[in-house]
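S.K.: If you scroll down you'll find the structure; I have some questions about it.
Residue numbers (the numbering used here): 4 to 1065.
And the structure:
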């Protein structure tokens, strides 16, 4: 480990003001969500001075730190923990405040080891929940890890909030360190706001305080320079080769013109809506700045974003001069290697990663094996190989198996040559071009070629089986090769002198001071304040709209900085803020967003190349004022992909999941199991259709809530695979998908309630991100009623889908309806399936009523198989299916009871019986047959129910009983009949006691059965020919009239019958 980390211990702890506040909080304070309620003012849009500007962010930073700590206590059971083996006071221990200790922790495989910046709890028990904090308050300390002694992570140095006196706990091995949060970024922001950073350059910050801000335009001094036109022409030539569109090129040129100026300070904004090539534009800008040798710091809020833009730029470096990795020394990437995931698989990024570069250069500068030693050794060998061979013979006189002269020279050359080749390649890769000129680079590559060629010749000369003539030819050739190689190496030793460094830390500083492009996170840029180096000229912040404005002050204060270029999109998600108090104060707002609100003009990238036009239409209209055009590629016919059959699965659709239910689960998150089931069904069908076809598809499932992400992952776990596989599925939150894209996106909106509450789902920026991740298809799952009632952006989305005829009910798709039904059964929500418009009855012919007794009985059934049988039976009955049941068997329910002819008894699962009847319901001017399901119960309880039904039907007239018994057949199905209302004799049935399921009605019968009551006569008419249909209709009217009953056929059907009878 370098001395830099070791020295940190002896310095004053940085950001001590914020740390003291954290130490002052008691357990009760930490757990008090309202500790700072009404104590934080809203951050203004403009500021009176730099002091006013800096102070505005300090209170919400306090509150946000408190919220971070409170959030960590909610997951104490999963918090990383390690056992403390030893505690001793540091020599810097000075009570009552400077309570410095050195601790030793137990090493375990994959276990937690405290690191610099960690805030840890020291307790004598392993914490499992918040209550454990209260119970252990007497022995509870908060400590901050401020250094690591000698690079040994097992012996960190800490600053404790209280004296550590638990000697007994140490003896028993029961003192633990529990990781709470890492304070590094918050402490850096604190130092920046309090002007504790070494740079203290406020020139750019002064430019952005007031609402009269402007980006400065072009400098008149620079524009009048003789070199201006020539420089612009060179840059234009570069950009033409990079295939930019007009808006991208204009943005890059404007930024480059600004970057050339040394007379003014400015801020530029580049707005990149989704799919408009923001990262490409940024990489082209940086490519140009690299060619201009303009020292530029490139930052982003996250490691992922930094790595992405760095990888883009590094891939273009070879094109700058055309020599392999030469020029990479002008680029530096630094930060946390583990979090950046820079490893051997990403060789290009490894070439520019600071830690790796310093290790390689340290080896190249090693006095015993490095550049100077290997170059001198090889030159010496080529100058007088015979003298060295004679010395070898003298040193080994009398020994057997001595090498021949040729073999000796080859082995020495091979050994020194390997070391020199290693140095040459790594020096021109890792040193900046200011130190290794293009001329030196060419000499180096020539030396490599000559060394390789000469090594081959020497090997052939040392071979025992070479014939003499061949050896003679090779000797002559090798003499020439030796001479040229020797002259080249001598020239190299004159043209290039390696610098001398005391240690690895000095090498790192040298690299940072001489690179043209430096990449890191915004937070990590704080490191540059403490390094004396060549001043930076430009700052480029990618994803600037996701960065808290207070955090951007860290790089903005770097010494020498003249220009800041902010690339982002304020219409997408801002920075994440945990505290509602801080969020309300505007703590998450970015500098980018504030400047836009102040009227600062941005360069809009106005062509999107990602989304099918059906997908881009709404977000472009709603969020970007229709200023973004669709690229030619997305308008081509080949860009329209159909992954599933049906209109519902066109490029854009809203699929209404009306029967979902939001559930509040752990850590203040929601899930909706019905939407999860629908998403899983879609993924399963996609896999079935696409797997094995040779086609590739990437699917992303997005939800605002982490609990829903987990619910969906559980459902589709077997389909989640590597992103490079032919069928790849990823599931994540909206925040996690920002910046990403997939072929097909499924959005699960989750919220489903009666009052239209949707929480942070209503955020337009979050909606924008979710809607703009898909290339070919975007399918939205949501509850129409909830989203419309919310009055949020989602109301517009639903109404837009309806207007564009992209709105569908999930029940319209048979597979989705089945998945929803099974999910409702699985989660014990049979009551939903018994409601009007339930997916169970989507194709039903009969209106169905359920008694309260039936609902209660069904709710008591816990067996999923029986529930499915009940629902299957109800679905079949509502569609007109009937069992073939003899009159004798039916009459066994109750002997001689009034209701006996009406009662139907269908067995379910051999244990229960479903009891139902046909009833009559008055609807407008008609009476219609409906089904009434009374109960589901064991056979022993049926007589009691029958007795109650006798009482119920006792008030029915003979005519009403007959109407309940009429059967209208359509093939093998029974369909409901209806009659016009006769006010003198008709009464409304009992349907009002239960909710109805409204079904389609039909009298297009082929066969009509009429079963009068036990006191009437049965009549059956069969229609065998079309000519007989009119006669049948007339006969029906005569029979019904004689029984004081009229059957009103629909006028349209009468016309058909009459037409067929003519």
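Idealized CB from N, CA, C, for every residue including glycine.
What are the start and end residues of the alpha helix (DSSP H) that includes residue 342?
M.R.: Residue numbering aside, residue 342 sits at position 339 when the chain shown is read from its first letter. Segment 340-343, the alpha helix (DSSP H) holding residue 342.
S.K.: Alpha carbon to alpha carbon, what distance is there between residue 887 and residue 688?
M.R.: For the purposes of this step, residue 688 is taken as residue 685 along the chain shown, with counting starting at 1. For the purposes of this step, residue 887 is taken as residue 884 along the chain shown, with counting starting at 1. Whole-angstrom Cα-Cα distance: 37 Å.
S.K.: Do residue 160 and residue 102 count as a contact pair if the criterion is CB distance below 8 Å?
M.R.: Here residue 102 is taken as the residue at index 99 of the chain shown, counted from 1. Here residue 160 is taken as the residue at index 157 of the chain shown, counted from 1. Contact: no.
S.K.: To the nearest angstrom, how far is it from the Cα of residue 801 to the Cα of residue 791?
M.R.: The residue labelled residue 801 in the question sits at position 798 within the chain shown. The residue labelled residue 791 in the question sits at position 788 within the chain shown. C-alpha separation (whole angstroms): 7 Å.
S.K.: Leaving out five residues before and five after residue 1009 in sequence, what residues of the same chain have Cβ atoms less than 8 Å from its Cβ?
M.R.: Locating residue 1009 in the chain shown gives position 1006, counting from the first residue. Unreliable positioning characterises residue 1009 in this predicted model, as indicated by a pLDDT of 31, which lies under 50. The coordinate reading is nonetheless provided below. Counting only Cβ-Cβ distances below 8 Å, and skipping sequence neighbours, we find 972, 973, 974 and 1026.
S.K.: Does the beta-carbon of residue 745 have 16 or more other beta-carbons within 10 angstroms, so that it is buried, or is it exposed?
M.R.: Along the chain shown, read from residue 1 onward, the residue named residue 745 stands at position 742. Classification of residue 745: buried, given that the 10 Å Cβ count is 16 or more.
S.K.: Classify residue 1058: buried if its beta carbon has 16 or more other beta carbons within 10 angstroms, exposed otherwise.
M.R.: Against the chain shown, residue 1058 aligns to sequence position 1055. Its pLDDT being 34, under 50, residue 1058 is placed unreliably in this model, and the coordinates cannot settle the point.
S.K.: Assuming contact is defined by CB atoms lying nearer than 8 Å, are residue 842 and residue 824 in contact in what I supplied?
M.R.: Against the chain shown, residue 842 aligns to sequence position 839. Against the chain shown, residue 824 aligns to sequence position 821. In this structure, residue 824 lies closer than 8 Å to residue 842 by Cβ.
S.K.: Could you have a look at residue 684 and say whether DSSP puts it in helix, strand or coil?
M.R.: Reading the chain shown from its first residue, position 681 is the one you call residue 684. Residue 684: helix per DSSP, three-state reduction.
S.K.: Assuming residue 610 and residue 634 make a contact with CB atoms under 8 Å, what is their CB distance in whole Å?
M.R.: Here residue 610 refers to the residue found at position 607 of the chain shown. Here residue 634 refers to the residue found at position 631 of the chain shown. Indeed they touch by this definition, with Cβ atoms about 5 Å apart.
S.K.: What does the alpha-carbon distance come out to for the pair residue 771 and residue 624?
M.R.: If you number the chain shown from 1, residue 771 lands on position 768. If you number the chain shown from 1, residue 624 lands on position 621. CA-CA distance, residue 771 to residue 624, rounds to 11 Å.
S.K.: Quick one: any contact between the stretch 294-311 and the stretch 513-526, if contact means 3 or more CB pairs under 8 Å?
M.R.: yes
S.K.: Examine the Cβ distances between the stretch 268-287 and the stretch 236-253 and report whether three or more of them are shorter than 8 Å.
M.R.: yes
S.K.: If contacts are defined as beta-carbon pairs under 8 Å, then residue 191 and residue 526 qualify, I think. What distance do you get, rounded to the angstrom?
M.R.: Walking along the chain shown from the start, residue 191 turns up at place 188. Walking along the chain shown from the start, residue 526 turns up at place 523. Rounded, the Cβ-Cβ distance is 6 Å, consistent with contact.
S.K.: Enumerate in chain order the residues of its own chain whose CB-to-CB distance from residue 1017 is below 7 Å, with the five nearest sequence positions on each side excluded.
M.R.: As a working note, residue 1017 is residue 1014 in the chain shown. Confidence in residue 1017 is poor, its pLDDT being 35 and thus under 50, which makes the residue's placement unreliable; the coordinate value appears in the next sentence. The answer, listed in chain order, is 904.
S.K.: Residue 2 by DSSP, collapsed to three states: which one?
M.R.: Given a span of 4 to 1065 for the chain in the structure shown, any question on residue 2 remains unanswerable.
S.K.: Beta-carbon within less than 7 Å of residue 860's beta-carbon, same chain only, minus the 5 sequence neighbours each way: which residues are those?
M.R.: Numbered from its first residue, the chain shown carries residue 860 at position 857. So the qualifying residues of the chain are 938, 939 and 940.
S.K.: Would residue 708 pass as a contact of residue 674 if the rule is Cβ separation under 8 Å?
M.R.: Here residue 708 corresponds to residue number 705 of the chain shown, with the count starting at 1. Here residue 674 corresponds to residue number 671 of the chain shown, with the count starting at 1. In contact: residue 708 and residue 674 (Cβ atoms closer than 8 Å).
S.K.: What do you reckon, are the CB atoms on residue 184 and residue 130 nearer than 8 Å?
M.R.: In the chain shown, the residue the question calls residue 184 occupies position 181. In the chain shown, the residue the question calls residue 130 occupies position 127. In this structure, residue 130 does not lie closer than 8 Å to residue 184 by Cβ.
S.K.: Would you mind working out which of 189, 149, 87 and 481 sits nearest residue 458, comparing C-alpha positions?
M.R.: Against the chain shown, residue 458 aligns to sequence position 455. A check of alpha carbon separations from residue 458 across 189, 149, 87 and 481 identifies 481 as the nearest.
S.K.: State buried or exposed for residue 927, treating a residue as buried only when at least 16 other CB atoms are found within 10 Å of its CB.
M.R.: Sequence index remark: in the chain shown, residue 927 carries index 924 (1-based). Result: exposed.
S.K.: Secondary structure at residue 94, three-state DSSP: helix, strand or coil?
M.R.: Your numbering for residue 94 matches position 91 in the chain shown. If DSSP states are grouped into helix, strand and coil, residue 94 belongs with coil.
S.K.: Grouping DSSP H, G and I as helix and E and B as strand, with all else coil, what is residue 642?
M.R.: The sequence position of residue 642 within the chain shown is 639, counting from 1. In this structure, residue 642 counts as helix in the three-state DSSP scheme.
S.K.: Please look up how many angstroms separate the CB atoms of residue 507 and residue 365, rounded, as I've assumed it's under 8 Å.
M.R.: Here residue 507 is taken as the residue at index 504 of the chain shown, counted from 1. Here residue 365 is taken as the residue at index 362 of the chain shown, counted from 1. Yes, they are in contact, since the Cβ atoms of residue 507 and residue 365 sit about 5 Å apart, within 8 Å.
S.K.: Can you list, in chain order, the residues of its chain whose CB lies under 8 Å from that of residue 1066, leaving out five sequence neighbours each side?
M.R.: Nothing in the structure corresponds to residue 1066, since the chain is present only between 4 and 1065.
S.K.: Between the stretch 793-811 and the stretch 693-701, do three or more beta carbon pairs fall short of 8 Å?
M.R.: no
S.K.: I need the straight-line Cα distance from residue 335 to residue 60, nearest angstrom please.
M.R.: Looking up residue 335 in the chain shown gives position 332. Looking up residue 60 in the chain shown gives position 57. Spanning the two alpha carbons is a distance of roughly 31 Å.
S.K.: Report yes if the CB atom of residue 104 is closer than 8 Å to the CB atom of residue 91, and no otherwise.
M.R.: If you number the chain shown from 1, residue 104 lands on position 101. If you number the chain shown from 1, residue 91 lands on position 88. Going by C-beta atoms, residue 104 is nearer than 8 Å to residue 91.
S.K.: Determine, using beta-carbon pairs with one atom in the stretch 567-574 and one in the stretch 543-551, whether at least three such pairs fall under 8 Å.
M.R.: yes
S.K.: What residue range is occupied by the uninterrupted beta strand (DSSP E) comprising residue 302?
M.R.: Translated into positions along the chain shown, residue 302 becomes position 299. Here the beta strand (DSSP E) through residue 302 covers 299-303.
S.K.: By the 10 Å Cβ neighbour count, where 16 or more other Cβ atoms means buried, how is residue 566 classified, buried or exposed?
M.R.: To locate residue 566, count along the chain shown from 1; it is residue 563. By the neighbour-count rule (16 or more Cβ atoms within 10 Å), residue 566 is buried.
S.K.: My assumption, with CB atoms under 8 Å, is that residue 849 sits in contact with residue 883. Please give the rounded CB distance.
M.R.: As a first step, residue 849 must be located in the chain shown, where it is residue number 846. As a first step, residue 883 must be located in the chain shown, where it is residue number 880. The Cβ separation is near 7 Å, so the contact holds.
S.K.: List the whole-angstrom C-beta distance separating residue 881 from residue 934, where the pair is believed to meet the contact cut-off of C-beta under 8 Å.
M.R.: Taking the first residue of the chain shown as 1, we reach residue 881 at position 878. Taking the first residue of the chain shown as 1, we reach residue 934 at position 931. Indeed they touch by this definition, with Cβ atoms about 7 Å apart.
S.K.: Of all the alpha helix (DSSP H) runs that stay within the bounds of the stretch 584-647, which reach a length of 4 or more residues?
M.R.: 594-600, 616-627 and 635-638, all fully within the stretch 584-647.
S.K.: On the DSSP bridge list, what partners appear for residue 657?
M.R.: Indexing the chain shown from 1 puts residue 657 at position 654. BP columns for residue 657 point to 783 and 810.
S.K.: Hey, how far is the Cα of residue 46 from the Cα of residue 204?
M.R.: Counted from its first residue, the chain shown places residue 46 at position 43. Counted from its first residue, the chain shown places residue 204 at position 201. Taking the straight line from one Cα to the other gives about 22 Å.
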